[in-house]
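The sequence shown begins at 5 in this note's numbering and counts up by one.
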Amino acid sequence: MIRIWGRASAFNLQKAYWTLLETGQPHERIDAGGDFGGLDATDFLARNPNGRIPVIDDDGFVLWESQAIIRYLSEHYAPDLMPGSARERALAAQWMDWSQTTLQPAFMDLFWGGVRMPKDKQDSSFVRGALSRTVTALSLLDKELATRAFLVGDSLTVADIPAGTHLYRFFEMEDIEHPDLPHVTAWYARLRERPAYQRAVMVPFDDLIGKESF
Ligand SMILES: N[C@@H](CCC(=O)N[C@@H](CS)C(=O)NCC(=O)O)C(=O)O
């Protein structure tokens, strides 16, 4: 039984939880963080000294950092999610790292600035800037996805998981203009067909609107 800690609305939990659900392994998700708290408890800090979610415990093997969790769960339990050749694995690493260092910071600024920040405190130029950076990153993906159905190869791999996790929130945000991104939209439609994506990522975020802190 794999245990994973994290509230369902946490973006980094969603990446790891989506992967866990794709493996089909028996598991238990334990709410932690946000209003559930518990991240400063001694037993939690013993698992993750950063006091952050997600964390997993797989039969005594404890791991934190969402993208390390994605890689571990895939290699161990869902080899189909891990490309077969060293070059394809390198490309998957490239997309995962790009998502974490380019797309995610832009989108987090957009989400925190435009959703979590109470309306009367929102800085429209900050939100515009974050939207522009997010759209630049998604446009890059759109060009890539013009030639193939998934980021590496022709089926879902770890390459798709971090970037793909952004799409539900991006397309559900009502107050922003959504540019025409036909290939990203088609990729999103493919991800939305997956029960694991529906359960882990398509989580309404009404409870986060105007909620400035975790
Ligand atoms: N780099 C870490 C970041 C972890 C992180 O910052 N998680 C956030 C949730 S997305 C958190 O723990 N926030 C505190 C809380 O939810 O109470 C990862 O990818 O796992």
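Note that beta-carbon positions come from the ideal geometry of N, C-alpha and C, so glycine has one too.
Between the region 77-92 and the region 21-38 there are three or more C-beta pairs closer than 8 Å, enough to call the two in contact. When the beta-carbon positions are compared, V162 and A204 stay at least 8 Å from each other.
For ligand 1, no non-hydrogen atom lies closer than 7 Å to the CB of A190. Here the alpha carbon of W9 sits roughly 25 Å from the alpha carbon of M121.
Nearest C-alpha to R75 among G133, D61 and R93: R93. Of the residues assessed, D39 falls on the exposed side of the cut-off, its CB having fewer than 16 other CB atoms within 10 angstroms. Put simply, the backbone Cα of F48 is about 17 Å away from that of F218. Cβ-Cβ separation between N16 and P53: approximately 16 Å, too far for a contact (criterion under 8 Å). For L43, the shortest C-beta to heavy atom distance toward ligand 1 is below 7 Å.
Distances between the C-beta of S70 and the heavy atoms of ligand 1 include at least one below 7 Å.
Distances between the C-beta of I57 and the heavy atoms of ligand 1 include at least one below 7 Å.
Spatial neighbours of D164 in its own chain (CB-CB distance under 6 Å, excluding positions within 5 residues in sequence) are listed in chain order as F154 and L155. In the three-state reduction of the DSSP assignment, V59 falls in the strand class. Residue state for R33 is assigned as strand, using DSSP reduced to three classes. The three-state secondary structure of F65, taken from DSSP, is strand. The Cβ atoms of V188 and L142 lie closer than 8 Å to each other.
A straight line joining the alpha-carbon of Q71 with that of P183 spans about 28 Å. Residue pairing from DSSP places R7 in a beta bridge opposite E32 and D61. D62 sits buried, since 16 or more C-beta atoms from the chains shown fall within 10 Å of its C-beta.
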